[in-house]
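Asker:
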DNA sequence: CATGAATGAGCGTTCATTCAT
DNA sequence: TATGAATGAACGCTCATTCAT
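Chains as they are written, first to last, in UniProt numbering: chain Y, 1 to 214; chain U, 1 to 214; chain R, 1 to 214; chain B, 1 to 214.
#1: Name the chain B residues that come within less than 8 Å of residue 203 of chain R, Cβ to Cβ?
#2: Would you mind working out which of Y/207, Y/206 and Y/200 sits nearest residue 90 of chain Y, comparing C-alpha positions?
#3: Are the CB atoms of residue 147 of chain B and residue 205 of chain R within a distance shorter than 8 Å?
#4: Could you check which residue in R/198, R/202 and R/193 has the C-alpha nearest to that of residue 98 of chain R?
#5: So, residue 26 of chain R versus residue 40 of chain R, is the Cβ gap smaller than 8 Å?
#6: Output yes if chain U places a C-beta closer than 8 Å to the C-beta of residue 197 of chain Y; else output no.
#7: Compare the C-beta of residue 65 of chain U with all C-beta atoms of chain Y and state if any pair is closer than 8 Å.
#8: What is the DSSP secondary structure of residue 198 of chain B, counted as helix, strand or coil?
#9: Counting only C-beta atoms, is residue 17 of chain R closer than 8 Å to chain B at any point?
#10: Taking the beta carbon of residue 71 of chain R as the centre, do at least 16 other beta carbons fall within 10 Å, making it buried, or is it exposed?
#11: Suppose the cutoff is 6 Å on Cβ atoms and the five residues either side in sequence are ignored; what does the same chain contact list for residue 196 of chain R look like?
#12: Mind checking the stretch 17-41 of chain U against chain Y and listing, in chain order, the residues whose C-beta falls within less than 7 Å of any C-beta there?
#13: If contacts are defined as beta-carbon pairs under 8 Å, then residue 44 of chain U and residue 22 of chain U qualify, I think. What distance do you get, rounded to the angstrom?
#14: Quick check: the Cα distance between residue 119 of chain U and residue 131 of chain B, rounded to an integer number of angstroms?
#15: Under the assumption that residue 59 of chain Y contacts residue 123 of chain Y (Cβ atoms under 8 Å), give the Cβ distance between them as a whole number of angstroms.
#16: Please list, in chain order, all residues of the same chain as residue 7 of chain R whose beta carbon is under 7 Å from its beta carbon, the five residues on each side excluded.
#17: Contact check, residue 30 of chain U vs residue 121 of chain Y under 8 Å by CB: the rounded distance?
#18: Give a yes or no on whether the minimum CB-CB distance between residue 83 of chain R and chain B is below 8 Å.
#19: Use the C-beta contact count for residue 175 of chain Y: other C-beta atoms within 10 angstroms, 16 or more gives buried, fewer gives exposed.
#20: Quick check: is the beta carbon of residue 155 of chain U nearer than 8 Å to any beta carbon in chain Y?
#21: Would you please state the rounded distance, in angstroms, between the beta carbons of residue 144 of chain B and residue 161 of chain B? I believe it to be under 8 Å.
#22: Between the Cα of residue 179 of chain R and the Cα atoms of R/111, R/135 and R/63, which residue gives the shortest distance?
#23: Can you name the start and end residues of the alpha helix (DSSP H) that residue 168 of chain U belongs to?
#24: Going by DSSP, what residue range makes up the alpha helix (DSSP H) through residue 11 of chain R?
#25: Using a C-beta cutoff of 8 Å, does residue 57 of chain U count as contacting chain Y?
#26: Quick one: what does DSSP say residue 46 of chain Y is sitting in, helix, strand or coil?
#27: Name the residue from B/155, B/203, B/164 and B/113 whose alpha carbon lies nearest to the alpha carbon of residue 68 of chain B.
#28: Considering only their Cβ atoms, is the gap separating residue 17 of chain R from residue 171 of chain B smaller than 8 Å?
#29: Decide if residue 12 of chain Y is buried, meaning its Cβ has at least 16 other Cβ atoms within 10 Å, or exposed.
#30: So, under 8 Å CB-CB, residue 141 of chain U and residue 163 of chain U are touching, yes? Tell me the CB distance rounded to an integer number of Å.
#31: Under 8 Å, Cβ to Cβ, is there at least one residue of chain R near residue 114 of chain B?
#32: For residue 103 of chain Y versus residue 168 of chain U, is the C-beta spacing smaller than 8 Å?
#33: Do you know how far the Cα of residue 14 of chain Y is from the Cα of residue 61 of chain Y?
#34: Using a Cβ-Cβ cutoff of 8 Å, what residues of the stretch 99-133 of chain R are near chain B? List them in chain order.
#35: Start and end of the alpha helix (DSSP H) containing residue 107 of chain B?
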């Protein structure tokens, strides 16, 4: 009856991993409401009651699972932010590659994130998305400010708009990297590093010139 | 078993509109699978059997409703494509505004589109997304080619990448226009026309320079 | 609201025939309860209300349709009963052939009859089956009595048992003629006339000897 | 989606029996499609979900229930086939009695079998009927061959026709034993043993003479 | 602590029948 | 007279959740 998250923590590491992995796949494939606790326990071969003992209910399971993942969404950013001796555009390029790497390494988590983006009924959506977006915005703002200070970006750049645009373009870059194109679409115009460099160059030009050059 | 779309066509205009509006709201709020035919008919105050007479089944209802919408997605593009005497960037700017106008006029349809984007289980997803994306890609390609011919874009521009980037940025522009920002986020940095001009200018710079200028 | 069978009688002959034929096929394929009035009117291309005006309700339609058919079930018997100059076994043989001819000419009606046989929920089952069986029993009894009088059957034959047995065997003969054998079964060991003669011969021997001959 | 027949096997014997009995009655009374899972669970006083956990779906319930019955259809035959020291006709007589006993002991299963006979839409019909008919045909063929070897049947008997005829007559014998005669029909001309002996004698004569004696 | 049988509201869907036009 | 839109009970089935063992 009590959620008792202690129970789950006491499980052997291997089993804990399997439980979370299987559940992640289910949520990634079906979203939250269409995900079926029945299917999860069936695939795991454990009793239904056990899962509810561990996490209280479906939402508890999701919260546990995705809460741990949120940290993962932030990690690649930190590593790059702490690099020194790189220009703004090199950092953007590395961010693109690092983000794609994360998407490749944790495709299921990214699929959940994408489903959560536009599904207002996803539980804890506000909290999780807020955390992720906040971290990314903060990261990008920091990068831009560093870039301005280093003279790599025009001093009169509108930081808010730049954050928005960078965020938008980069997010979309990851999306296209993760989601298989529809049938018949021209897929994979180039390999990842080339695509990243190409986009970084594009952004460089977009941001570099002073807006008053008109 | 008896789809009989005739039945629906024979209904008085006002009722037809109410049915489609209510159903659209339901799909917009809950996506496809979580949308409830029960809720729809309850809100409409009609019998469940009636809805199934009109559209055969849930998917038929969705197909009818969203199929009509797809045409709406394409219309604003056509109008701009047929303008003459405008530069490439003026056209992009108008596209952004027109797209936002559509999103504002049909917020529920756009919400459905967004939910469909990352939910692989959405029925008819491939068909509808393919149609929409195809139309947009074709439209953008045309714009870019016109721009090159008019000397407003560099002749050696990689058209494929340009289409991809334009599409990505514009799509995201509409998304941010449509989806209310999460609590506490800095919302609405600027009014629509300013945002559109600002982004168009950004894209102008990104595309204008020749990539070989390095 | 009123059944108003007059309405149907006033229809042009051709339309009346189509309505009954289509309905007969539906009942033959699905039995009574699984038969769908929707499907019938769809195939006919007439309004649902019309059918209910004609026959009041589903049962009225079935009653009309099968009531007319019952006469058909009796007709072949009468023709043979009125033959003279034929022996008992020749008459049996002709009955078998005539019955098979009827089954071939009206396969849908016979399928309905077979479905009715063991489905107690068929409406009007008692009345229709009673009529058909009664006519057949009366017919067979007459044949047997004629046969005894003509010295073609033993005088001490138990008429009741003979009627039962004849009825059973002949009915089954028609069933096997009508119902396609299951996959892989040895079908069609012989053509109809041979089968009929063979069975008549078998019955001849079964009935001919006096039971006391042991 | 989770058939899980384990669940049902784990139930206490008494409950398992009640569930199957109640379901059998429902199918016997209404056939497959008109049988109502709702009615079954209402009579049982259990939740609807439980039944679906046990058998996956309606067809699974029917398959379980009737699959077990099919074995029962074959058992009485085996016992007689393995008797020795009995003549062909004694074996036929015993078969008739044993078959009737089975029909009396399991009237609901036999009613299902009869409904299945002429209802082409019965699920699993081909499989179940094929199994039953196959076993019976094999059994009768064996009996006839034994009878020929023992000199109790003419050596030149057409085995195929004999199997068909025996099968037809015996099947019909059971049917008349099981199905209550229609109102007003002369019922029960004799008790079972007498009827069986009488029919066996009839068959003896039908088969005994050589067909060439004409 | 794990189990898994039980629950019952909810789902999408079908149907014979009614009745205003 | 013919129409066909409207009805709503019933269908087979799924689900997250509970709790006695």
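Beta carbons: idealized from backbone N, C-alpha and C, even for Gly.
Answerer: Once the coordinates are examined:
#1: Counting from one through the third chain, the residue named residue 203 of chain R turns up at place 203. Using a Cβ-Cβ cut-off of 8 Å, residue 203 of chain R is close to 206 of chain B, given in chain order.
#2: Residue mapping note: residue 90 of chain Y aligns to position 90 of the first chain, counting from 1. Per the Cα distances, Y/200.
#3: If you number the third chain from 1, residue 205 of chain R lands on position 205. If you number the fourth chain from 1, residue 147 of chain B lands on position 147. For residue 205 of chain R and residue 147 of chain B, no; Cβs fall outside 8 Å.
#4: Indexing the third chain from 1 puts residue 98 of chain R at position 98. Measuring from the Cα of residue 98 of chain R, the nearest candidate turns out to be R/193.
#5: Position 26 of the third chain, counting from 1, holds the residue named residue 26 of chain R. Position 40 of the third chain, counting from 1, holds the residue named residue 40 of chain R. Yes, the pair counts as a contact, with Cβ atoms nearer than the cut-off.
#6: Locating residue 197 of chain Y in the first chain gives position 197, counting from the first residue. No, no contact with chain U.
#7: Counting from 1 along the second chain, the entry for residue 65 of chain U is found at position 65. No, no contact with chain Y.
#8: Your numbering for residue 198 of chain B matches position 198 in the fourth chain. It is helical.
#9: Position 17 of the third chain, counted from the start, is the residue given in the question as residue 17 of chain R. False, the Cβ-Cβ gap to chain B never drops below 8 Å.
#10: Mapped onto the third chain, residue 71 of chain R falls at position 71. So residue 71 of chain R counts as exposed.
#11: Residue numbering aside, residue 196 of chain R sits at position 196 when the third chain is read from its first letter. Result list for residue 196 of chain R: 93, 96 and 97, in chain order.
#12: 30, 31, 33 and 34
#13: Within the second chain, numbered from 1, the residue matching residue 44 of chain U stands at position 44. Within the second chain, numbered from 1, the residue matching residue 22 of chain U stands at position 22. Right, their Cβ atoms sit about 5 Å apart.
#14: Translated into positions along the second chain, residue 119 of chain U becomes position 119. Translated into positions along the fourth chain, residue 131 of chain B becomes position 131. Distance between the alpha carbons of residue 119 of chain U and residue 131 of chain B: 46 Å.
#15: The count along the first chain starts at 1 and reaches residue 59 of chain Y at position 59. The count along the first chain starts at 1 and reaches residue 123 of chain Y at position 123. Their Cβ separation, rounded to whole angstroms, is 5 Å, which keeps residue 59 of chain Y and residue 123 of chain Y in contact under 8 Å.
#16: For this step, residue 7 of chain R is matched to residue 7 along the third chain. So the qualifying residues of the chain are 53 and 54.
#17: Within the second chain, numbered from 1, the residue matching residue 30 of chain U stands at position 30. Within the first chain, numbered from 1, the residue matching residue 121 of chain Y stands at position 121. Yes, residue 30 of chain U and residue 121 of chain Y are in contact; Cβ-Cβ is about 6 Å, under 8 Å.
#18: Taking the first residue of the third chain as position 1, residue 83 of chain R is located at position 83. No, its Cβ sits nowhere closer than 8 Å to a Cβ of chain B.
#19: Your numbering for residue 175 of chain Y matches position 175 in the first chain. Answer is buried; the Cβ neighbour count reaches 16.
#20: Within the second chain, numbered from 1, the residue matching residue 155 of chain U stands at position 155. Residue 155 of chain U does not count as touching chain Y.
#21: Here residue 144 of chain B is taken as the residue at index 144 of the fourth chain, counted from 1. Here residue 161 of chain B is taken as the residue at index 161 of the fourth chain, counted from 1. So it is not a contact: roughly 10 Å between Cβ atoms.
#22: Working through the third chain from its first residue, we reach residue 179 of chain R at position 179. It is R/111.
#23: For this step, residue 168 of chain U is matched to residue 168 along the second chain. Taken as a continuous stretch (DSSP letters only), the alpha helix (DSSP H) holding residue 168 of chain U covers 159-178.
#24: Mapped onto the third chain, residue 11 of chain R falls at position 11. Counting along the chain, residue 11 of chain R falls outside any alpha helix (DSSP H), and DSSP gives it neither H nor E.
#25: Within the second chain, the letter at position 57 stands for residue 57 of chain U. For residue 57 of chain U, the answer is no, since every Cβ of chain Y falls outside 8 Å of its Cβ.
#26: Position 46 of the first chain, counted from the first residue, corresponds to residue 46 of chain Y. Note: residue 46 of chain Y maps to coil in three-state DSSP.
#27: Translated into positions along the fourth chain, residue 68 of chain B becomes position 68. The residue with the shortest Cα to Cα distance from residue 68 of chain B is B/113.
#28: Taking the first residue of the fourth chain as position 1, residue 171 of chain B is located at position 171. Taking the first residue of the third chain as position 1, residue 17 of chain R is located at position 17. Not a contact, by the Cβ cut-off of 8 Å.
#29: Mapped onto the first chain, residue 12 of chain Y falls at position 12. Exposed: under 16 other Cβ atoms inside 10 Å.
#30: By one-based count along the second chain, residue 141 of chain U stands at place 141. By one-based count along the second chain, residue 163 of chain U stands at place 163. Between residue 163 of chain U and residue 141 of chain U the Cβ distance is about 5 Å, and since that is below 8 Å, they are a contact.
#31: Here residue 114 of chain B corresponds to residue number 114 of the fourth chain, with the count starting at 1. Chain R, which has a Cβ nearer than 8 Å to the Cβ of residue 114 of chain B, makes this yes.
#32: Taking the first residue of the first chain as position 1, residue 103 of chain Y is located at position 103. Taking the first residue of the second chain as position 1, residue 168 of chain U is located at position 168. No; because the gap between Cβ atoms is not below 8 Å, this pair is not in contact.
#33: In the first chain, counting from the first residue as 1, residue 61 of chain Y sits at position 61. In the first chain, counting from the first residue as 1, residue 14 of chain Y sits at position 14. Their backbone Cα atoms lie some 17 Å apart in a straight line.
#34: Against chain B - using a Cβ distance shorter than 8 Å - the residues of the stretch 99-133 of chain R are 111, 114, 115, 117, 118, 119, 120, 121, 126, 129, 130 and 133.
#35: On the fourth chain, residue 107 of chain B is found 107 positions in, with the first residue counted as 1. Looking at the DSSP string, the run of the alpha helix (DSSP H) that includes residue 107 of chain B is 107-118.
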